[in-house]
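Take the numbering used here: the last position of the sequence shown gets the number 264, and nothing is skipped along the way. Every residue gets a Cβ at the ideal spot worked out from N, C-alpha and C, and that includes glycine. One structure below.
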Amino acid sequence: MLAAVTCALAPAYVVRWRIGPLPSTVLEAAVLLTVIAFAFESLRGRRALRWRSPFTIPAALFLVAGAVSVAVSPDHTKALGLYRAYLIEPIAFFFVLGNVLGSIQRARMVLLGLAAGGVVAGLANGFVVLDAIRHHTLNLALPPPVVIYNTSNATALYLVPLIGIGASFVVYERERWVRLISAGFVAIFVASTFLSLSRGGLLALGVIALIMALINRRRWILIPAVIVLGIAATLIPGMSARLSHEFDPSDPNN
């Protein structure tokens with residue numbers, strides 16, 4: 011349950027504070043609490059930990075490379091903070107998930123947490139874009155307005171993988187209620203990705219759509235449909251304006 015809550019708190023990394031000289035965030039506190047709870051339960055139950063996985067060696071190499079980077083950095087304090095936030099804590103959290111996700115129900119719970127966080131991030135970002143449109147302040151030649159994450163690409167990087175996961179549930183999940191809930195989340199994430207106006211996000215969304223069409227038995231119908239929809243999306247006034255600025259070498263905002 012703690013792991014699912016931690017996943018839902020992914021957008022809360024922007025809520026920051028300091029404990030003495032050490033900076034921290036709500037997300038970091040949730041990760042640490044999850045790891046501590048897992049360690050306590052494992053010791054109390056004398057449970058054998060599962061260390062071996064296809065990701066163990068790559069994770070260890072990342073930790074070693076990160077430690078070397080901290081050692082040679084001109085600012086050890088900042089480097090250690092990045093090492094902690096981008097390597098130690100995510101790998102520790104992944105290790106916890108690898109040990110506790112022993113059933114489909116637990117996996118669904120964690121994915122539900124991720125989806126909840128995605129809804130918060132997507133709707134919040136979509137709101138500021140729609141508000142800019144309503145007040146006629148959206149300049150498509152410039153980066154679109156964002157909230158929570160610093161760039162529209164960062165918002166899309168969060169949402170597009172969730173779209174891939176949700177679409178897989180819609181297609182392959184046997185439980186009807188899971189398919190319906192997944193479809194609802196996918197609809198929100200797709201709309202939020204479009205509103206992010208992230209060109210990279212929309213390209214990735216198109217790739218996901220093509221893959222889902224390719225692996226479907228009706229691929230000969232779906233693939234042309236995806237291509238037509240992709241072309242139609244580029245003709246939407248806002249998106250076509252964004253693309254025209256991007257591919258115009260003489261545009262001063264490019």
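Quiz item: Can you give the Cα-Cα distance for residue 210 and residue 216, rounded to whole angstroms?
Solution: As a working mapping, residue 210 is identified with position 200 in the sequence shown. As a working mapping, residue 216 is identified with position 206 in the sequence shown. Near 10 Å, if we compare the C-alpha coordinates of residue 216 and residue 210.
Practice problem: Have a look at 13, 221, 93, 245 and flag the residue whose alpha-carbon is nearest the alpha-carbon of residue 110. | Solution: Sequence index remark: in the sequence shown, residue 110 carries index 100 (1-based). Nearest C-alpha to residue 110: 13.
Quiz item: Is it a yes or a no for the region 196-210 touching the region 166-175, going by three-plus beta-carbon pairs under 8 Å?
Solution: yes
Exercise. Could you name each continuous alpha helix (DSSP H) segment of 4 residues or more that falls completely within the region 22-83, going from the start of the chain to the end?
Key: 36-55, 66-82
Exercise. Tell me whether the beta-carbon of residue 127 lies closer than 9 Å to the beta-carbon of residue 43.
Key: The sequence position of residue 127 within the sequence shown is 117, counting from 1. The sequence position of residue 43 within the sequence shown is 33, counting from 1. Going by C-beta atoms, residue 127 is not nearer than 9 Å to residue 43.
Exercise. Look at the alpha carbon of residue 197 and the alpha carbon of residue 31, and state the distance between them as a whole number of angstroms.
Key: Here residue 197 corresponds to residue number 187 of the sequence shown, with the count starting at 1. Here residue 31 corresponds to residue number 21 of the sequence shown, with the count starting at 1. Their Cα atoms are separated by approximately 43 Å.
Self-check item: Residue interval of the alpha helix (DSSP H) (run including residue 93)
Solution: The residue you call residue 93 lines up with position 83 of the sequence shown. Run containing residue 93: 86-93, per the alpha helix (DSSP H) assignment.
Quiz item: To which residues of the same chain is residue 24 closer than 8 Å at the C-beta, ignoring the five residues directly before and after it?
Solution: Position 14 of the sequence shown, counted from the start, is the residue given in the question as residue 24. Here the set comprises 35, 158.
Quiz item: Between the region 102-116 and the region 57-64, do three or more beta carbon pairs fall short of 8 Å?
Solution: yes
Exercise. Within 10 angstroms of the Cβ of residue 37, are there 16 or more other Cβ atoms? Answer buried if so, exposed if not.
Key: Translated into the one-based positions of the sequence shown, residue 37 becomes position 27. Answer is buried; the Cβ neighbour count reaches 16.
Self-check item: Continuous alpha helix (DSSP H) stretch holding residue 135: start and end
Solution: For the purposes of this step, residue 135 is identified with residue 125 of the sequence shown, where counting begins at 1. It spans 114-144 - the alpha helix (DSSP H) in which residue 135 sits, taken as one unbroken run.
Quiz item: So, are the CB atoms of residue 199 and residue 129 less than 9 Å apart?
Solution: For the purposes of this step, residue 199 is taken as the residue at position 189 of the sequence shown. For the purposes of this step, residue 129 is taken as the residue at position 119 of the sequence shown. Contact: yes.
Quiz item: Measuring CA to CA, which of 72, 219, 80 is closest to residue 241?
Solution: As a first step, residue 241 is located in the sequence shown; it is residue number 231 there, counting from the start. The option with the nearest alpha carbon to residue 241 is 219.
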